[in-house]
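Visitor: Residue numbers (numbering that gives the first Met the number 0): 0 to 215. All C-beta atoms, glycine included, are put in the ideal place defined by N, C-alpha and C.
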Amino acid sequence: MNMIFLGPPGIGKGTHGEIVSRKYGIPRVSTGEIMREEVKKGTDLGNDIKSYMDSGELVPDELVINIIKKRINQKDCKRGFILDGFPRTVRQAKELGDITKIELVVNFVASEDEIIERITGRLTCRKCGAIYHVKNIPPKKEGVCDNCGGELYHREDQEEKAVERRMEVYEKSTKPLIEYYRKEGVLKDVDVEGGKEEVSKRINEVIKDFTESRGT
Ligand code: ADP
Ligand code: ZN
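#1: Looking only at its own chain, which residues have a Cβ that is under 8 Å from the Cβ of R35, when we skip the five neighbours before and after it?
#2: Do D188 and N72 have their C-beta atoms within less than 8 Å of each other?
#3: Which one or two residues does DSSP pair with R121 in a beta bridge?
#4: Using beta-carbon positions only, say whether L57 and V168 come within less than 8 Å of one another.
#5: Would DSSP call V185 helix, strand or coil?
#6: When DSSP builds the beta bridges, which residues end up paired with R21?
#7: For my contact list, V185 and L103 are in at a C-beta cut-off of 8 Å; report their separation, rounded to the angstrom.
#8: Should the region 127 to 146 be regarded as contacting the region 199 to 210, the criterion being three or more beta carbon pairs within less than 8 Å?
#9: Taking I98 as part of the alpha helix (DSSP H), name the residues at either end of that continuous run.
#10: Given this structure, state the Cα-to-Cα distance separating R213 from M0, to the nearest angstrom.
#11: Hey, would you say the C-beta of K100 is under 7 Å away from at least one heavy atom of ligand 3?
#12: DSSP three-state label for L57, please.
#13: Label G6 either buried or exposed according to how many other C-beta atoms from any shown protein chain fall within 10 Å of its C-beta, with 16 as the threshold for buried.
#14: How big is the Cα-Cα spacing for T42 and T173?
#15: So, using beta-carbon positions, are V28 and R70 closer together than 8 Å?
#16: I'd like to check one pair, G45 with V38: are the Cβ atoms closer than 8 Å?
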């Protein structure tokens, strides 16, 4: 099952991607995470990537496409995968279509106010990458990860200015993908306002409808 989770930054694609990944036993592939790992290594490539990410700009297509090609060729992606944060441009979508068949695109739909609130309140674990929200998904103990005890922090690209830029970039470069995949007949809208459990249920329904319709 090859899926894409599509939607604005910070809307919960990562959180729900993890849930679905566990349920179906297929990996969640996040280009943002892969690139943050590269940045951590402090390589030349990493430093280059960091400047784009911190300012809320897209990392150049070529670079990201190479990363994703390598990743989905790995063995654990044979039975399928959930792409989170890729594609982000029509060019990325086209190149992806050349190397694999996308069967389902889950489109996360929410109002702009909701999006801004979610992204600015988000906390990430330094150690395991788990995601929290100051209001919606608070950790049991402030500043500490429930899973691993790691320190929670505010990602640099979640500062207000970078967030605004990321929203602009989303509107201009990524939103056209909604029509792109709708035309291909693989897009399903999911309303993602409301609690995590509720949203999770809606996503599961969409996936279940899809697997039943293709008879697996
Ligand atoms: P979020 O989870 O908040 O939506 P990501 O972790 O997916 O954010 O991405 C963070 C940053 O990494 C982006 O703002 C962008 O700079 C870079 N990035 C991630 N995926 C892509 C992509 N497919 N194309 C270009 N840049 C990307
Ligand atoms: Zn953790």
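Guide: Answer, in terms of the structure:
#1: So the qualifying residues of the chain are M52.
#2: no
#3: H132
#4: yes
#5: Of the three classes helix, strand and coil, the one that applies to V185 here is coil, per DSSP.
#6: Paired residues: none, contrary to the question.
#7: 6 Å
#8: no
#9: V89 to I98
#10: Taking the straight line from one Cα to the other gives about 11 Å.
#11: Ligands in the displayed structure: ligand 1 and ligand 2; ligand 3 is not one of them.
#12: coil
#13: The residue is buried, with at least 16 neighbouring Cβ atoms inside 10 Å.
#14: 28 Å
#15: yes
#16: yes
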